[in-house]
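Participant:
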């Protein structure tokens, strides 16, 4: 995660500093990484000063230890007043504790569970989010074969249901009324509770 995030941010034009106790870990960054590499502990004051932590916009603590990540995050947040601090968290039960400390958390375990659930439930109308006490739902479904080749406007009813976004080949975009559905598209649709049965009928799920 650390190397992948570092490379992604570097490609987007950000200046990135990576700290690791194992020099060999830097090999994962490859030759394209243009940031700073520092060997040491991310909670060591000398190391942090070397990384110019007093000048950074954000710190991400993503070691394999929840405890170390918490220490690094708290030091960055409370001592150096870094604006954005994220701690990788394996035990999602600790998330609320970290949030009270003003630390944002990223749980790959929770994300993995949610992602697996998404994959397993795409074939059915899966409620993602309820708004207004359930009066409006955001639902998710893999596009039925009967809709492949048709356009978004075919299942749009103003005031009742609307295709909010489409996930295609791991990329999500906001469609237009003329966007054409393709096989394996994942649709995110906002629908009123009163029109849910109508949507199911249109998707041949009734």
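In this note's numbering, the protein residues as written are 78 to 283.
We treat Cβ as the ideally placed atom computed from N, Cα and C, and that holds for glycine.
Only a predicted model underlies this, so the values are computations on that prediction, with no experimental measurement involved.
(1) Identify the continuous alpha helix (DSSP H) that holds residue 102 and give its terminal residues.
(2) Starting from the N-terminal side, write out each stretch of the alpha helix (DSSP H) that is 4 residues or longer and does not extend beyond the segment 106-138.
(3) Where does the unbroken beta strand (DSSP E) through residue 84 begin, and where does it stop?
(4) Looking at residue 218: is its Cβ nearer than 8 Å to the Cβ of residue 272?
(5) If you draw a straight line from the C-alpha of residue 148 to the C-alpha of residue 254, how long is it?
(6) Buried or exposed: residue 153, going by 16 or more other Cβ atoms within 10 Å of its Cβ?
(7) If contacts are defined as beta-carbon pairs under 8 Å, then residue 28 and residue 139 qualify, I think. What distance do you get, rounded to the angstrom?
(8) Using a threshold of 8 Å, state whether the C-beta atoms of residue 160 and residue 135 are closer than that.
(9) Would you say residue 301 and residue 232 are within 8 Å of each other, going by their C-beta atoms?
(10) Taking a contact to mean a Cβ-Cβ separation below 8 Å, would you say residue 143 touches residue 114 in this structure?
(11) Less than 8 Å separating the beta-carbons of residue 106 and residue 85?
(12) From what residue to what residue does the beta strand (DSSP E) around residue 146 run?
(13) For residue 281 and residue 81, I'd like the C-alpha separation in whole angstroms.
(14) Which runs of the beta strand (DSSP E), 3 residues or longer, sit entirely within the segment 229-278?
(15) Give every residue of the same chain whose Cβ lies closer than 6 Å to the Cβ of residue 258, excluding the five residues on either side of it in the sequence, and list them in chain order.
Facilitator: Let me spell this out:
(1) Element bounds for residue 102: n/a, residue is neither H nor E.
(2) 122-127
(3) Careful: residue 84 lies outside any beta strand (DSSP E), inside the alpha helix (DSSP H) at 79-88.
(4) no
(5) 49 Å
(6) buried
(7) Outside the displayed range of the chain (78 to 283) lies residue 28, so it cannot be described from this structure.
(8) yes
(9) Here the chain covers residues 78 to 283 and nothing more, so residue 301 does not appear.
(10) no
(11) no
(12) Segment 143-151 is the alpha helix (DSSP H) holding residue 146; no beta strand (DSSP E) there.
(13) 41 Å
(14) 238-245, 248-250, 263-269
(15) 220, 224, 225, 227
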